[in-house]
Amino acid sequence: ANVPEIPPVLLDFSQTGAGLKIQLDLLVTPDSQPALLQREVLRAVLLEISYRSFPSLPAGTPYITPPDWLIDGILTLDNESPEIFDGLDTAAATPPALKEFLTQRPTLLDSPSRALYRACASALLRILLEHDNGRAQLARYLADLPRASTDILADLQSHFPWLGSDSGAMEKTWRENVPRVASERRFALLTFAGTSEQLDECLLTKVAKDRDKKNSLTLDETVRTSRPNIDTVAAKKLGERLMLLTTRAHPLLRPIVVDYQLAAESVARKERHGLAKRLANSIALREKIAARMTEVDDFMNWYEATQAKTASGAFREYLHASAKNDAIPRRRDALSVYLDALETQLQ
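Quick note, the sequence shown lines up with residues 32 to 378 if you use the numbering used here.
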């Protein structure tokens, strides 16, 4: 049925003589999104928990729904998708202000910002739960939601006083703990693209200077330069970073990362014989693997779009937006046809 005015999922709640009434309406269509249903079911469960001790509120009393960060935090707490890990890495590099994050409305965010929001929500919930008595404090926070004020930061501080005595201290605790959570969750293997990105970042490290000590050199440049002035400490630290990267590197790129690690350690010992040829072979191999991975990605995207019986969900938002755009009827009067043709030419 064509019912564009009906939302796919609608959570409704009201006070009755028997207590709180929670109603969840679901519109089943070909493009129904399970994640949206899961989110609203969780919201309903948390709402029931919050008002369980308030069975007889006066009719017309407004209800306070659970905060979005808590819902997203629960849904992504043990999520090991690349999206969450990439979001955690971004948040660790530049943590958003805690107050700004808590007051964001995820439904108004674009896809990249939404992914970052989910990662921050996961990090905040993990920080709260890992603290001594954190689970009990979170349960009390949820039970006190009906009495919550409009100051989200103050409510959080009153239930988790160890976060800080004021907003400045809370922001400091947040900034210090987000990188820690991100590093602790880096036990999963990186994607091919993630490994390439981190390897490229490592290879930008300067480990030497040229003979005249005027220009700094990367590892690749050092092994090709005659008589460089090697910074032993920098080369050793680069080897350590690459060794850590090998523990999470994509299996196809791990041998290449190991080659660079061994090369950095050899440079730190000022042993450069044969390194130029060895790294040249590694670069050529990496380019071949990258080209093959691009072909594989293209094939998988084509297969999902044309042959697969089920979808991975990676293109759900794009396909949904495209379908909505196609569903809008086009006017066929002369002026509309002319404007459509003009728009096509200007694109």
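Even glycine gets a Cβ: it sits at the ideal position worked out from N, Cα and C.
task: With a threshold of 16 other CB atoms inside 10 Å of the CB of Trp100, please say whether the residue is buried or exposed.
output: The sequence position of residue 100 within the sequence shown is 69, counting from 1. Looking at its Cβ environment, which holds 16 or more other Cβ atoms inside 10 Å, Trp100 is buried.
Pick from Arg171, Tyr291, Gln188, Val212 that is closest to Glu202, judged by C-alpha positions: Position 171 of the sequence shown, counted from the start, is the residue given in the question as residue 202. It is Gln188 whose Cα lies nearest to the Cα of Glu202.
Element boundaries [alpha helix (DSSP H), containing Lys130]: Walking along the sequence shown from the start, residue 130 turns up at place 99. Taken as a continuous stretch (DSSP letters only), the alpha helix (DSSP H) holding Lys130 covers 129-133.
query: Can the beta-carbon of Trp205 be found closer than 8 Å to that of Pro126?
result: Residue mapping note: residue 205 aligns to position 174 of the sequence shown, counting from 1. Residue mapping note: residue 126 aligns to position 95 of the sequence shown, counting from 1. Less than 8 Å divides the Cβ of Trp205 from the Cβ of Pro126.
message: Applying the 10 Å Cβ sphere with the 16-neighbour rule, what's the burial state of Pro65?
response: By one-based count along the sequence shown, residue 65 stands at place 34. Flag for Pro65 reads exposed.
- request: Please state if the CB of Thr236 and the CB of Val298 are separated by a distance shorter than 8 Å.
  value: Taking the first residue of the sequence shown as 1, we reach residue 298 at position 267. Taking the first residue of the sequence shown as 1, we reach residue 236 at position 205. No, they are not a contact pair.
Close-in-space but distant-in-sequence residues of the same chain around Ala32 (CB under 6 Å, 5 per side omitted): Position 1 of the sequence shown holds residue 32. Per-residue confidence for Ala32 stands at a pLDDT of 45, beneath the threshold of 50, marking its modelled position as unreliable; no derived number is given.
- request: Please state if the CB of Val238 and the CB of Leu230 are separated by a distance shorter than 8 Å.
  value: Indexing the sequence shown from 1 puts residue 230 at position 199. Indexing the sequence shown from 1 puts residue 238 at position 207. Not closer than 8 Å, so no.
- prompt: If we ignore side chains and look at the alpha-carbon of each, how far apart do Thr375 and Ser367 end up?
  reply: On the sequence shown, position 344 is the one that residue 375 refers to. On the sequence shown, position 336 is the one that residue 367 refers to. Their Cα atoms are separated by approximately 12 Å.
task: Count the C-beta pairs between the segment 271-278 and the segment 287-295 that are closer than 8 Å, then say yes if the count reaches three, no if not.
output: yes
task: May I have the straight-line CA-CA distance separating Asp197 from Leu129, to the nearest angstrom?
output: For the purposes of this step, residue 197 is taken as the residue at position 166 of the sequence shown. For the purposes of this step, residue 129 is taken as the residue at position 98 of the sequence shown. Straight-line Cα distance between these residues: approximately 12 Å.
Val254: first and last residue of the uninterrupted alpha helix (DSSP H) it sits in: For the purposes of this step, residue 254 is taken as the residue at position 223 of the sequence shown. It spans 250-255 - the alpha helix (DSSP H) in which Val254 sits, taken as one unbroken run.
- request: Can you grab the Cα-Cα spacing for the pair Lys319 / Pro192, in whole Å?
  value: Here residue 319 corresponds to residue number 288 of the sequence shown, with the count starting at 1. Here residue 192 corresponds to residue number 161 of the sequence shown, with the count starting at 1. About 54 Å.
message: Run through the DSSP bridge pairs and tell me what Gln54 is partnered with.
response: Here residue 54 refers to the residue found at position 23 when the sequence shown is read from its first residue. According to DSSP, Gln54 bridges with Asp43.
message: I need the DSSP call for Ile287, collapsed to helix, strand or coil.
response: Working through the sequence shown from its first residue, we reach residue 287 at position 256. Reduced to three states, the DSSP call for Ile287 is helix.
message: Given this structure, state the Cα-to-Cα distance separating Leu67 from Leu42, to the nearest angstrom.
response: On the sequence shown, residue 67 is found 36 positions in, with the first residue counted as 1. On the sequence shown, residue 42 is found 11 positions in, with the first residue counted as 1. Spanning the alpha carbons of Leu67 and Leu42 requires a straight line of approximately 11 Å.
field: Range covered by the beta strand (DSSP E) that runs through Lys240
entry: Here the question's residue 240 lines up with position 209 in the sequence shown. 237-240 is the span of the beta strand (DSSP E), which, as asked, contains Lys240.
query: With distances taken from CA atoms, which of Tyr148, Arg70, Asp175, Thr92 is nearest Arg83?
result: Here residue 83 refers to the residue found at position 52 of the sequence shown. Minimum Cα-Cα distance from Arg83 among the listed residues Tyr148, Arg70, Asp175, Thr92 corresponds to Asp175.
- request: Could you tell me if Asn246 is buried or exposed, where buried requires 16 or more neighbouring beta carbons within 10 angstroms of its beta carbon?
  value: In the sequence shown, counting from the first residue as 1, residue 246 sits at position 215. The residue is exposed, with fewer than 16 neighbouring Cβ atoms inside 10 Å.
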